[in-house]
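Enquirer:
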């Protein structure tokens with residue numbers, strides 16, 4: 001008897017043994033379990049936001065310098081003692097009167113090639129920078145040297161300061177704080193850490209300050225957030241937060257670079273001012289002040305040489321970068337699905353297309 005070829009093609013394949021069907025089912029189940037486990041591992045790695053660090057060096061210029069008297073002017077405080085105590089003179093007026101003018105502090109300021117950094121007027125401006133006047137806790141007036149020097153080659157500034165006995169302390173006359181561009185010096189944070197500084201005393205003649213600069217570029221992560229905003233300064237945020245808490249507790253405020261708020265009057269009497277200082281050092285507010293994503297650090301060393309500050313040619317930059325991003329997660333998930341289940345994105349589209357046609361055919365049959 002002859003069998004047509006079409007009938008041979010139409011015959012069903014022989015049935016697989018029941019044992020093999022059970023083994024195949026268990027293997028498919030195992031693949032599905034492995035797929036879920038590997039998906040979980042990859043998603044966990046993505047949520048942990050792993051980072052890697054790289055180090056590079058680039059040309060640098062000098063950081064900013066903030067020169068602060070150690071104390072308020074004792075002569076002014078003594079002269080206004082009775083009127084301030086009785087409220088006839090305001091605290092702001094006393095602090096303003098006790099401030100040293102930059103012209104009385106600065107004997108000389110030049111670069112290595114002879115360019116002057118003495119301001120030409122009250123604005124504090126000069127050709128390659130400026131001196132910015134600010135009040136810092138506990139009310140001293142400081143001057144920040146902001147430079148725009150060419151970072152190529154070593155940068156050197158020679159500064160001579162005139163010593164004033166009325167604003168001196170037991171340690172010296174001035175604190176010269178060194179901090180990154182665009183940030184405020186951290187000068188007096190209730191016993192906390194302050195910016196790197198050098199104390200100017202009578203024995204500080206002909207001192208050379210050598211600065212080693214570093215910059216850390218952080219990644220903003222959920223577990224360790226930071227602010228990318230270039231106008232944001234963590235030091236200023238912390239000062240504003242602490243000051244605000246102290247102002248509210250004392251029910252009066254002092255203008256020292258932090259906004260007092262319209263609902264807090266100015267401290268007028270001497271007793272109010274000193275009470276505010278006590279509260280400012282003792283308060284422990286909860287401040288939401290994340291780190292800057294770009295952090296500048298300065299290492300300072302000094303030795304007897306000449307009056308000046310020298311910055312190294314190279315800036316050491318430590319930069320974080322994400323090592324496992326969303327595209328890496330999707331790539332790993334797709335590769336795992338193809339390895340364990342044999343599916344690709346194209347095959348999933350084909351399955352979806354088959355389902356759409358099957359549903360459409362079923363509706364037509366109804």
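Numbering (full-length UniProt numbering), first residue to last: 1 to 366.
The beta-carbon is built from N, C-alpha and C at its ideal position, and this holds for glycine as well.
#1: What's the C-alpha gap between residue 27 and residue 360?
#2: Over the uninterrupted alpha helix (DSSP H) stretch that includes residue 173, give me the two end residues.
#3: DSSP puts residue 291 in a beta bridge; with which residues?
#4: In the DSSP assignment, the alpha helix (DSSP H) including residue 272 goes from what residue to what residue?
#5: Can you check whether the CB of residue 244 is closer than 9 Å to the CB of residue 259?
#6: For residue 146 versus residue 130, is the C-beta distance shorter than 9 Å?
#7: What did DSSP end up calling residue 163 once you bin it into helix, strand or coil?
#8: With respect to the beta strand (DSSP E) encompassing residue 243, which residues constitute its N-terminal and C-terminal limits?
#9: Give the single residue among 72, 148 and 93 whose Cα lies nearest to the Cα of residue 165.
#10: Which same chain residues end up closer than 6 Å to residue 137 when comparing Cβ atoms and leaving out the 5 residues on each side of it in sequence?
#11: If we ignore side chains and look at the alpha-carbon of each, how far apart do residue 45 and residue 282 end up?
#12: If I'm right that residue 67 touches residue 143 with Cβ under 8 Å, what's the distance once you round it to whole angstroms?
#13: Alpha carbon to alpha carbon, what distance is there between residue 230 and residue 249?
#14: Is the Cβ-Cβ distance between residue 98 and residue 124 less than 9 Å?
#15: Specify the secondary structure class of residue 111 as computed by DSSP and reduced to three states.
#16: Determine the extent of the beta strand (DSSP E) in which residue 135 is found, giving its start and end residues.
#17: Residue 181: buried (16+ other C-beta within 10 angstroms of its C-beta) or exposed?
#18: So, do the stretch 110-126 and the stretch 163-177 have three or more beta carbon pairs nearer to each other than 8 Å?
#19: Does the distance from the CB of residue 91 to the CB of residue 254 come in under 9 Å?
#20: Roughly how many whole angstroms lie between the Cα atoms of residue 82 and residue 266?
#21: Look up residue 72 in the DSSP assignment and give the residues it is bridged to.
#22: Count the CB pairs spanning the stretch 106-118 and the stretch 31-38 that are closer than 8 Å, and state whether there are at least three.
#23: Based on the DSSP secondary-structure assignment, which residues constitute the bridge partners of residue 199?
#24: Quick one: is residue 358 buried, meaning 16 or more other Cβ sit within 10 Å of its Cβ, or exposed?
#25: Quick check on the DSSP output: the beta strand (DSSP E) that includes residue 145 runs from which residue to which?
#26: Using the beta-carbon count (16 or more within 10 Å), is residue 74 buried or exposed?
#27: Assign residue 125 to one of three DSSP states: helix, strand, or coil.
#28: Can you tell me whether residue 88 is buried or exposed? The criterion is at least 16 other CB atoms within 10 Å of its CB, across all chains shown.
#29: Grouping DSSP H, G and I as helix and E and B as strand, with all else coil, what is residue 103?
#30: Quick one: grab the DSSP three-state call for residue 158.
#31: Rounded to whole angstroms, what is the Cα-Cα separation between residue 288 and residue 234?
#32: DSSP three-state call for residue 359: helix, strand or coil?
#33: According to DSSP, is residue 79 part of a helix, a strand, or is it coil?
#34: Helix, strand or coil for residue 120, going by three-state DSSP, please let me know.
#35: Would residue 174 and residue 207 qualify as a contact pair, given that the criterion is a beta-carbon distance under 9 Å?
#36: At the level of alpha carbons, what is the spacing between residue 236 and residue 293?
Expert: In this structure, then:
#1: Cα to Cα, the separation comes out at about 33 Å.
#2: Segment: none, residue 173 is in no alpha helix (DSSP H) and carries neither H nor E.
#3: 226
#4: Following the DSSP letters along the chain, one finds residue 272 inside the alpha helix (DSSP H) bounded by residues 270-282.
#5: The beta carbons of residue 259 and residue 244 sit closer together than 9 Å.
#6: yes
#7: coil
#8: Here residue 243 belongs to no beta strand (DSSP E); instead the alpha helix (DSSP H) covers 234-250.
#9: Among 72, 148 and 93, the Cα nearest to that of residue 165 belongs to 72.
#10: 188 and 256
#11: 42 Å
#12: 5 Å
#13: Distance between the alpha carbons of residue 249 and residue 230: 32 Å.
#14: no
#15: strand
#16: 129-136
#17: That one is exposed.
#18: Too few Cβ pairs lie closer than 8 Å, so no.
#19: The criterion of a C-beta distance shorter than 9 Å is satisfied by residue 91 and residue 254.
#20: Cα to Cα, residue 82 sits roughly 19 Å from residue 266.
#21: DSSP, once it has assigned bridges, lists no residue as partnering residue 72.
#22: With a cut-off of 8 Å, the stretch 31-38 and the stretch 106-118 do not count as touching, because too few Cβ pairs lie within range.
#23: 175
#24: exposed
#25: 140-147
#26: Residue environment analysis places residue 74 among the exposed positions, since fewer than 16 neighbouring C-beta atoms fall within 10 angstroms of its C-beta.
#27: strand
#28: exposed
#29: Of the three classes helix, strand and coil, the one that applies to residue 103 here is helix, per DSSP.
#30: Correct three-state label for residue 158: strand.
#31: 10 Å
#32: In this structure, residue 359 counts as helix in the three-state DSSP scheme.
#33: helix
#34: coil
#35: no
#36: When rounded, the distance between both Cα atoms is 15 Å.
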